[in-house]
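Heads up: the protein sequence lines correspond to chains A and B, in order.
Each residue of the first sequence is one higher than the one before, counting from 41 in the numbering used here.
Each residue of the second sequence is one higher than the one before, counting from 7 in the numbering used here.
The C-beta atom is built at its ideal place from N, Cα and C for all residues, glycine as well.
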Amino acid sequence: MLNVGSIEQGFVLDHIKAGKAMTIYHDLRLDQLDCCVAMIMNARSSKMGRKDIIKVECPVDQLDLNIVGFIDPNITINVIEHGEIVEKKALGLPKEIRNVIKCKNPRCITSIEQGLDQVFILTDPEHAVYRCKYCEEKYHGHRRD
Amino acid sequence: MHRQLKNLRHVMSPLDLSVEELDHIMELAADMEKNPGKYAHVCDGMKLATLFYEPSTRTRLSFETAMLNMGGNVIGFHSGNTSSATKGESVADTIRVVSCFADICAMRHPKEGAPMVAASKSSIPVINAGDGGHQHPTQTLADLMTIRQTKGRLSNMTVGICGDLKFGRTVHSLISALVRYPGIRFVLISPEELKLPSYVKEEHLDPNHIEYKEVIRLEDALPDLDILYMTRVQKERFFNEDDYIRMKDFYILNEEKMKLAPKDMYVLHPLPRVNEISVDVDDDPRAAYFKQVYWGMYMRMALMFTLLELEVK
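Given below as C-alpha cells:
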C-alpha cells in the first residue's frame, strides 16, 4: 500500500469514483492554486472496491468546494486543521455552476460567443434542475460523465 | 456621451417588468396615443441603436418609429451580414462600441441569450427584440396592450392559443405574462406534434393553479373564447422541411369558423401571417392583429421612455 503523508491544513476529498480524480482536479481548478496537491488513484475501498482520493494542502477558505455537490454527491470532504479532521462538509447543490458543464442547445449564444463563461443557475433545488443563464436550456441532475 | 441614468435597466423577458410597471407602461402608451404632441420632443438629441443580426420588418420599424415619434434618431444595422459580426466581432464587443454612440439599444439575434450577453457589458439599456426561439418581450407588451384595449381588462377571461405552441416564443412569453392576472383560463389548440411543452405548464400554469384544457380542433374551442391568439407554424424552427409542409396548413381561421366565435372575441396574431388567418377575416371588426402592430409601437415608445427615465415637462 502506497503511503501519502497527512496534511496540516486543507481538505481531503474521499470516495471519488475510481479514475475521476483528474477530472475533479481540473473542475476545482486546483492547477491554478499555489499549493501542494496529492492524488491517490485506484486505492482499495471496502465500500467502493476502488476509489480515488485528493488531498489539498491550503488555507480552508481558499477553495470553493460547492461544485463537488454537483459533480458527485457521494464524495466526502474532510476539512483538516492542525492535522485533525475538524469538519465533514455536507454537500448541497451549488446555486451557480461556472464552466463545468456546457449548454447543449445549438441555438444558445454560448455556442458562438468567444470568451463567454458557461453558466448554469439552480432553478429548482428540489428536482436538481439547472438552467443555462442565457438560453434557459434545462440540465437535470448531477453531472453525467 | 449617452444619457446618464440613475438606474440602468434592461428588458430581456416580459417578467423583468412587474405587473405594476406593466400597468404604468400601458397607461403611458395610451396617453402617448392620445396626446402625441406631448411626447414629440422628449428624446430630442438621443439615439436608439437597432442591432438586428437577423431580418425583421415589424419589430425594427416599430422601434425606429417609436424613437422618431419622440424626437430621437436611429442608428444600427439590419442583418448580421452588414455588421462587424461577419468579421467575427463578439456581441460583448459590439455593445461596448455601440454604448459609446447611442442612448438605448434594441437587439435581435438568432442566438438565444445574445441580448443578455449584451446587457451584461452595456452601459445603456438593452431591450431584447427577439432572441431565437427564446424571448420577445416587446411582442408580449403589444399583445397585452391589445387585449387591454379591446377587452378593457387583462383579467377574468378565456384565452385560446392556436397553432405552434411548441416552438412559438410569443406563446410562451404571453402565457408567462398573463398568468400574473386573476381569473385567466387557457384553451390550448394545437396538433399533437406542436403541443405546449411540459416545462411551460410546470413553470407557469401548474404553480399558479391556472385552469387550462388542450384541444385539437379549433372549431371546438371557438364558442368559449374571449381572445383567440393565432400563431404561424414557423419554417425556421423546423430542422426538417417535410415536417413543416405537413403541419403548416393544420389550422386555418376563416370567415366560416369566425361565425362560431362570440361577437366580442378578438383575434390576435404576432405576424407575419402566412395562411393561418384567411384574408376574408381581415375586415371582421374582431380582427385585432393589425391593432397589435399599432399598439406595439406605442408600447415600445412607453418602454423606452421608462428605461430612459424621461419626464414630460
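With a CB to CB cut of under 8 angstroms and the five nearest residues on each side skipped, what residues in its chain are close to residue i?
i, result
"Lys157 (chain B)", "Met163, Asp232, Ile233, Asp270 and Tyr272"
"Leu309 (chain B)", "Val17, Ile31, Ile133, Thr144 and Leu147"
"Ser151 (chain A)", "Cys143 and Asn145"
"Thr163 (chain A)", "Val169, Tyr170 and Arg171"
"Ser161 (chain B)", "Tyr187, Pro188, Gly189 and Ile190"
"Ile117 (chain A)", "Phe51, Val52, Leu53, Asp54, Leu105, Val108, Lys128, Lys129 and Leu131"
What are the partner residues of residue i, as DSSP defines its beta bridges?
i, result
"Cys7 (chain A)", "The question about residue 7 (chain A) has no answer, for chain A in this structure spans 41 to 185."
"His115 (chain B)", "B:Asp137"
"Asp164 (chain A)", "A:Val169"
"Asp92 (chain A)", "A:Ile56"
"Leu202 (chain B)", "Its beta-bridge partners do not exist; DSSP assigns none."
"Ala120 (chain B)", "None; Ala120 (chain B) has no bridge partner."
"Asn82 (chain A)", "Looking at the DSSP assignment, Asn82 (chain A) forms no beta bridge with any residue, so it has no partner."
"His180 (chain A)", "A:Val169"
"Ile141 (chain A)", "According to DSSP, Ile141 (chain A) bridges with nothing at all."
"Glu121 (chain A)", "A:Glu124"
"Phe58 (chain B)", "B:Arg114"
"Met163 (chain B)", "B:Ile190"
"Tyr272 (chain B)", "B:Ile233"
"Gly82 (chain B)", "B:Thr56"
"Tyr218 (chain B)", "B:Phe192"
"Thr116 (chain A)", "A:Asp54"
"Lys129 (chain A)", "A:Ile117"
"Ala293 (chain B)", "B:Val273"
"Ile283 (chain B)", "B:Leu259"
"Val17 (chain B)", "B:Ile133"
Please name the residue in the options whose C-alpha comes closest to that of residue i.
i, options, result
"Val199 (chain A)", "A:Ile152, A:Lys129, A:Ile115 and A:Val96", "Because chain A in this structure spans residues 41 to 185, residue 199 (chain A) falls outside the shown range and cannot be described."
"Ala293 (chain B)", "B:Glu261, B:Met307 and B:Arg306", "B:Glu261"
"Asp226 (chain B)", "B:His215, B:Val239, B:Leu194 and B:Asp288", "B:Leu194"
"Val169 (chain A)", "A:Thr150, A:Leu133 and A:Met88", "A:Leu133"
"Gln72 (chain A)", "A:Gly59, A:Ile56, A:Cys98 and A:Ala58", "A:Cys98"
"Asp249 (chain B)", "B:Asn41, B:Asp149, B:Arg306 and B:Glu198", "B:Glu198"
"Asp212 (chain B)", "B:Cys106, B:Ile181 and B:Pro42", "B:Ile181"
"His8 (chain B)", "B:Leu28, B:Pro131 and B:Pro42", "B:Pro131"
"Ser46 (chain A)", "A:Lys91, A:Cys76 and A:His66", "A:Cys76"
"Ile153 (chain B)", "B:Thr312, B:Met305, B:Lys201 and B:Lys319", "B:Met305"
"Pro165 (chain A)", "A:His182, A:Ser85, A:Leu103 and A:Leu68", "A:His182"
"Asn214 (chain B)", "B:Val206, B:Glu220 and B:Val221", "B:Val206"
"Arg64 (chain B)", "B:Thr92, B:Gln298 and B:Lys319", "B:Gln298"
"Lys129 (chain A)", "A:Arg90, A:Asn82 and A:Asn106", "A:Asn106"
"Ser204 (chain B)", "B:Leu171, B:Met122 and B:Glu282", "B:Leu171"
"Leu200 (chain B)", "B:Glu208, B:Ala135 and B:Arg175", "B:Arg175"
"Val100 (chain A)", "A:Ile115, A:Val126, A:Lys87 and A:Lys60", "A:Val126"
"Gly169 (chain B)", "B:Glu208, B:Tyr257, B:His142 and B:Ala183", "B:Tyr257"
"Leu263 (chain B)", "B:Lys241, B:Ile283 and B:Met52", "Note that residue 263 (chain B) corresponds to Lys in the displayed sequence, not to Leu. When only C-alpha atoms are compared, the closest one is B:Ile283."
"Met151 (chain B)", "B:Asp230, B:Glu208 and B:Glu27", "B:Glu27"
"Leu70 (chain A)", "A:His167, A:Gly123, A:Leu103 and A:Glu124", "A:Leu103"
"Val276 (chain B)", "B:Ser196, B:Val177 and B:Pro291", "Checking the sequence, you will find Pro at residue 276 (chain B) rather than Val. For the residues B:Ser196, B:Val177 and B:Pro291, the minimum Cα distance to Pro276 (chain B) belongs to B:Val177."
Suppose the cutoff is 6 angstroms on Cβ atoms and the five residues either side in sequence are ignored; what does the same chain contact list for residue i look like?
i, result
"Ile101 (chain B)", "Ala124, Lys127 and Ser128"
"Leu228 (chain B)", "Leu266 and Ala267"
"Ala78 (chain A)", "Val44 and Lys95"
"Tyr235 (chain B)", "Ile167 and Leu274"
"Gly82 (chain B)", "Ala55, Thr56 and Leu57"
"Val280 (chain B)", "Arg238"
"Met303 (chain B)", "Ser68, Thr71 and Ala72"
"Leu184 (chain B)", "Ile190"
"Glu39 (chain B)", "Tyr304"
So residue i and residue j are supposed to be a Cβ contact under 8 angstroms. How far apart are they, rounded?
i, j, result
"Ile141 (chain A)", "Tyr179 (chain A)", "6 angstroms"
"Glu217 (chain B)", "Arg186 (chain B)", "15 angstroms between Cβ atoms; not a contact."
"Glu317 (chain B)", "Leu11 (chain B)", "Contact doesn't hold; Cβ gap of about 13 angstroms is too wide."
"Pro42 (chain B)", "Asn75 (chain B)", "7 angstroms"
"Asp153 (chain A)", "Val97 (chain B)", "Per the sequence shown, the amino acid found at residue 153 (chain A) is Glu instead of Asp. About 6 angstroms; that satisfies the 8 angstroms criterion."
"Ile161 (chain A)", "Glu121 (chain A)", "With 8 angstroms as the limit, Ile161 (chain A) and Glu121 (chain A) do not qualify as a contact, their Cβ atoms being about 33 angstroms apart."
"Leu224 (chain B)", "Arg15 (chain B)", "That pair is no contact at about 39 angstroms."
"Leu53 (chain A)", "Ile93 (chain A)", "7 angstroms"
"Gly77 (chain B)", "Val104 (chain B)", "20 angstroms between Cβ atoms; not a contact."
"Asp109 (chain B)", "Lys53 (chain B)", "6 angstroms"
"Val221 (chain B)", "Leu259 (chain B)", "That pair is no contact at about 15 angstroms."
"Leu34 (chain B)", "Phe296 (chain B)", "About 22 angstroms separates the two Cβ atoms, so there is no contact after all."
Counting only the same chain and skipping the five closest in sequence on each side, list residues whose C-beta sits under 7 angstroms from that of residue i.
i, result
"Pro116 (chain B)", "Tyr59, Glu60 and Gly138"
"Asp67 (chain A)", "Ile107, Ile111 and Val140"
"Glu177 (chain A)", "Cys143, Lys144, Asn145, Cys148 and Arg171"
"Ala61 (chain A)", "Met79, Met81, Asp92 and Ile94"
"Pro121 (chain B)", "Met18, Met113, His115, Val132, Asn134 and Asp137"
"Lys44 (chain B)", "Val318"
"Asn114 (chain A)", "His55"
Item to check | the stretch 21-28 of chain B contacting the stretch 150-161 of chain A, beta-carbon criterion three pairs below 8 angstroms | outcome: Under the 8 angstroms Cβ criterion, the stretch 21-28 of chain B does not count as touching the stretch 150-161 of chain A, having fewer than three qualifying pairs.
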